[in-house]
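>
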Amino acid sequence: MKSKRSGAASWLAAAVTVVLIAGVALAVWFAGPARQPHAGGPETSGNVPAARPDDAPGVPPMHAEANEAEADYPGAIAGLADRAEAERHLSFLSKERLRDSRLIRYRYDTLRHLQPNDRFDLYLPNLDTVVSARLHAREDGNGWSRWRGALLDADGAPAHRFLITEAPSDRYAVAYLETPDGAMHLEAKNGYGWMRPAGFDHRHESTPPDDALIPPADAAPPPLSKENTAR
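Numbering (the UniProt record's numbering), first residue to last: 1 to 231.
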């Protein structure tokens, strides 16, 4: 009789021990950091591929050298720059140009990886917003490339045209952008640039009359303004 009671007591003690261990394990599990759901991937049986930061079609990931201000506009070809930093890179500009322009970071070469009908994002400082744009055509000349397309409205329909020209010298870019708030002119050099209303310079500075206009389709890239030729 004693052996039966002893065996039952041993079994009960073992069962209690297992329950206590299981309880502690569950407490540790729920007290730990939240577990992320498994998304699957090419190497697993999951049907959902592993997410990548550059999965968005036509929008490249942020460059490694992007600064904190630019991070407000992830994936956009241009974003508002830290003004003090931009002024150090754009020291060749006149005080009037610096005062009257919105200073930006510009991702040179982004468009070269896109094809007609691809979309990209663009920051418009006059509206303080990021809009989507669609490429319609690309032209390549003697060391320069030009892209034509349209800014899209909220429904994804073409609403306003744009023209962007890039040249490898100093990673130069010039653009004409029609927006709901009027046309804008963009120029950038070595990753930093400025945006202002098209034609603004003609009221305040003596610059070439075509400085803020769309270049003719059969013309070479618009010449650098006098300020841009400074090194």
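Backbone N, C-alpha and C fix where the C-beta goes; we use that ideal spot for every residue, glycine too.
Please read all numbers here as calculations on a predicted model, not as lab measurements.
With DSSP as the reference, label Ser169 as helix, strand or coil.
The count along the sequence shown starts at 1 and reaches residue 169 at position 169. Correct three-state label for Ser169: helix.
> When you measure from the CB of His136 to every non-hydrogen atom of the ligand COA, does any distance come out below 6 angstroms?
The model depicted lacks the ligand COA and carries no ligand whatsoever.
> Which class does Ala22 belong to by DSSP, given the choice of helix, strand or coil?
Translated into the one-based positions of the sequence shown, residue 22 becomes position 22. Low confidence applies to Ala22: its pLDDT is 43, below 50, so where it sits in the model is not reliable enough to give any reading.
> Which first and last residues belong to the beta strand (DSSP E) in which Leu135 is found?
Residue numbering aside, residue 135 sits at position 135 when the sequence shown is read from its first letter. Taken as a continuous stretch (DSSP letters only), the beta strand (DSSP E) holding Leu135 covers Thr129 to Asp140.
> In terms of residue numbering, what span does the alpha helix (DSSP H) encompassing residue 296 cover?
The structure shown does not extend to residue 296, since the chain is modelled only from 1 through 231, so no value can be given for it.
> Apart from the five residues just before and just after Leu177, which ones in its own chain have a Cβ nearer than 6 angstroms to its Cβ?
On the sequence shown, residue 177 is found 177 positions in, with the first residue counted as 1. The answer, listed in chain order, is Phe162 and Met184.
> Take Glu139 as the anchor and find which of Leu122, Gln115, Asp153 and Tyr123 has the nearest alpha-carbon.
Taking the sequence shown and counting its residues from 1, the one referred to as residue 139 is at position 139. Residue Gln115 is the option with its Cα nearest to Glu139.
> If we ignore side chains and look at the alpha-carbon of each, how far apart do residue 247 and Asn142 end up?
For the chain, the structure presents residues 1 to 231; residue 247 sits outside this window and is missing.
> Rounded to the nearest angstrom, what separates Ala133 and Gly199 at their Cα positions?
For this step, residue 133 is matched to residue 133 along the sequence shown. For this step, residue 199 is matched to residue 199 along the sequence shown. Cα to Cα, the separation comes out at about 23 angstroms.
> Specify the secondary structure class of Ala86 as computed by DSSP and reduced to three states.
The sequence position of residue 86 within the sequence shown is 86, counting from 1. Helix.
> Whole angstroms is fine: what's the gap from Asp100's alpha carbon to Leu124's?
Residue mapping note: residue 100 aligns to position 100 of the sequence shown, counting from 1. Residue mapping note: residue 124 aligns to position 124 of the sequence shown, counting from 1. C-alpha separation (whole angstroms): 15 angstroms.
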